[in-house]
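Participant:
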Amino acid sequence: MSTPDLHLTQLQTLEAESVHVLREVAAELERPVLLFSGGKDSIVMLELARKAFAPARIPFPVMHVDTGLNFPEVLAFRDRRVAELGVELVIASVPDAIAAGTVKQEPNGSRNRIQTPVLLDAVEEHGFTALFGGARRDEDKARAKERVFSFRDEFGQWDPKNQRPELWDLYNGRIHLGESIRVFPLSNWTELDIWSYIAQEQIAIPDLYLAAERDVVDRGGMLYAVNEFITPKDGEQVERRSVRYRTVGDANLTAAVPSTASTVEEVIAEIAVTRLTERGATRGDDKVSDAAMEDRKKEGYF
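Numbering (the UniProt record's numbering), first residue to last: 1 to 302.
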C-alpha cells in the first residue's frame with residue numbers, strides 16, 4: 001500500500017493561507033468589504049473568497065473606487081464577474097466627488113491621491129470595518145512594510161511604525177468605533193504566483209493582459225496605448241506594436257510592455273525571467289517620487 005503524498009504545493013499553501021485570512025476576517029469583523037477593480041490581483045482575491053465560503057455566497061459586498069479613467073474592458077469584466085457571483089457591488093465614484101466639489105482634479109492628470117478621500121468617505125458611509133485589498137509585498141517597497149492585518153486609525157491613516165505582531169498567523173482585529181483594518185490576503189503571493197494560479201484554476205481575465213497589436217506612443221520609454229484618455233501630442237509618432245498590460249490602473253497613466261505573450265502560459269514564461277516589478281515598468285503615476293506609494297498609504301490609500 002502506497003503512502004499518500006501529504007505535502008502541499010506552493011500554490012496550495014498560498015491558497016490555504018489566503019482562505020484562512022478571508023474566513024478569519026468574516027468571523028472577527030462586523031462589516032468587511034472586498035476591493036475589486038477587475039485587475040488580476042483582485043480577480044484572484046475574489047476567486048479565493050468564492051472558494052472560502054462555497055457553496056454559500058460570498059458574505060460581504062465588493063467595492064470599486066472608480067476614478068472615471070478606467071479601461072472600458074476592465075469595467076465590463078468587473079460587472080460581468082460580479083453578476084456571475086451574485087455579490088453586491090458598491091461603487092465609490094471619483095468623478096461624482098469632483099462634480100460635488102469634495103475633491104479637486106490634480107494638474108498632472110493623476111487621480112491617485114484624490115481616490116483616498118473618496119475611499120474614506122465610502123468606508124464611513126457604509127460602515128465598513130475591514131477592507132480586503134489585493135496588494136502584494138513584491139509590488140512596491142511600501143507594500144512590503146504592511147502586515148496582513150493593517151490597522152488604520154479613525155482618520156483612515158496608516159502608521160508603518162505602529163503595527164500589530166502576527167506571530168503564528170494569529171491576527172488581532174480588535175478596533176474601536178471609527179477605526180478599521182485593511183487586510184491583504186495576497187501578501188505572500190508574487191506576480192508569478194498570481195499568474196500560475198490563474199493558469200491552474202483557469203480563471204478568466206480581461207484581454208488587456210494578453211499581447212496584441214495595439215497603437216501606442218512612446219513617452220519617456222513607456223508605451224501608452226492610444227485610447228480615449230491618451231492622444232498623441234505634437235511630435236509624437238503612433239506605432240503599431242505587440243504589447244500587453246502587466247497591471248491595469250488608470251488608462252491615462254498605465255503603460256503597456258512589449259510582449260508576444262498571447263496566452264497565460266506565455267505570460268508565465270515571460271514573468272519568470274523579468275526583474276522589474278509591474279509598477280516600476282508600467283505605472284507613470286508612481287514616478288513622482290520613491291516614496292509616492294508610502295505617502296498615499298499614510299493618507300489612507302489601500
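C-beta: ideal position from N, C-alpha, C; glycine also.
1) Could you please give the first and the last residue of the uninterrupted alpha helix (DSSP H) stretch that includes Ala199?
2) Taking just the CA atoms, how far does Tyr209 sit from Val74?
3) Evaluate contact between the segment 172 to 184 and the segment 200 to 207, counting only Cβ atoms and requiring at least three cross-stretch pairs below 8 Å.
4) Tell me the residue span of the beta strand (DSSP E) that contains Asp138.
5) Below 8 Å, how does it come out for the segment 93 to 106 and the segment 74 to 85: are there three or more Cβ pairs, yes or no?
6) Hey, how far is the Cα of Arg23 from the Cα of His64?
7) Quick check: does the Cβ of Glu266 come within less than 7 Å of any heavy atom belonging to the ligand FMN?
8) How far does the alpha helix (DSSP H) with Phe77 in it extend, from its first residue to its last?
9) For Ile181, list the residues DSSP reports as bridge partners.
10) Applying the criterion that 16 or more other CB atoms from any shown protein chain within 10 Å of the CB defines a buried residue, is Trp189 buried or exposed?
11) Closer than 6 Å by C-beta to Val103: which residues in its own chain qualify, once you throw out the five before and the five after it? Chain order, please.
12) Across the segment 52 to 61 and the segment 6 to 26, are there enough close Cβ pairs to call them in contact, namely three or more that are closer than 8 Å?
Facilitator: According to the structure shown:
1) Glu191 to Glu201
2) 10 Å
3) Result no; under three Cβ-Cβ pairs closer than 8 Å.
4) Where Asp138 is concerned, there is no enclosing beta strand (DSSP E), given that its DSSP letter is neither H nor E.
5) no
6) A straight line joining the alpha-carbon of Arg23 with that of His64 spans about 21 Å.
7) Here there are no bound small molecules, and the ligand FMN is not part of this structure.
8) Pro72 to Leu85
9) Ala130 and Phe151
10) buried
11) Ala97, Ile114 and Pro117
12) A contact between stretches requires three or more CB pairs, one per stretch, nearer than 8 Å, and the segment 52 to 61 meets this requirement with the segment 6 to 26.
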